[in-house]
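Using numbering that gives the first Met the number 0, the letters of the sequence shown correspond one by one to residues 0 to 102.
For glycine and all other residues, C-beta sits at the position ideal for the given N, C-alpha and C.
All of these numbers come straight from a predicted model, not from anything done at the bench.
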Amino acid sequence: MTYSLTRPDRLNLEAFARATGTHPELVRRLVVLGVLEAQHDAAGRLWFPAPELQVMARVQRLRAGFSLNYAALGLVVHLLDRIAELEAALRDRSRLTGGSSWT
Numbered sequence: 000m001t002y003s004l005t006r007p008d009r010l011n012l013e014a015f016a017r018a019t020g021t022h023p024e025l026v027r028r029l030v031v032l033g034v035l036e037a038q039h040d041a042a043g044r045l046w047f048p049a050p051e052l053q054v055m056a057r058v059q060r061l062r063a064g065f066s067l068n069y070a071a072l073g074l075v076v077h078l079l080d081r082i083a084e085l086e087a088a089l090r091d092r093s094r095l096t097g098g099s100s101w102t
């Protein structure tokens, strides 16, 4: 038996589902809803970039904490990402103009 010393840069559907503790069918649904990003290979199999593991962990926390359905999770994740972008832009703008922080 051999073990990899580094994380793979992408995971297939089964490995992704196993790593996140979710059913492969749920993972497929989240891809269709646009919550998770995946690429299809020539055979039509799904491949997930390693950072999607963090996205799935976030989705699981939101689902458990707020009892959101999976369709709503896509919207919530998008809005949280947008808020983070706007806060970063505001911090950068404040830093450039020498203004005080809004928080």
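- Which term fits LEU10, buried or exposed, when burial requires 16 or more other beta carbons within 10 angstroms of its beta carbon? Per the 10 Å Cβ criterion, buried.
- Alpha carbon to alpha carbon, what distance is there between HIS22 and GLU106? Because the chain spans 0 through 102 in this model, residue 106 falls outside it and cannot be assessed.
- Task: Buried or exposed for VAL31, please, with buried defined as at least 16 other CB atoms from any protein chain shown within 10 angstroms of its CB.
- Result: With a 10 Å radius around the Cβ and a threshold of 16 neighbouring Cβ atoms, VAL31 comes out exposed.
- Task: Throw me the rounded Cβ distance for the ARG60 and VAL76 pair, which I believe falls under 8 Å.
- Result: Contact flag wrong, Cβ pair sits at about 11 Å.
- Task: Have a look at the DSSP bridge pairing and note the partners of LEU45.
- Result: In the DSSP output, where bridge partners are listed per residue, LEU45 has HIS39.
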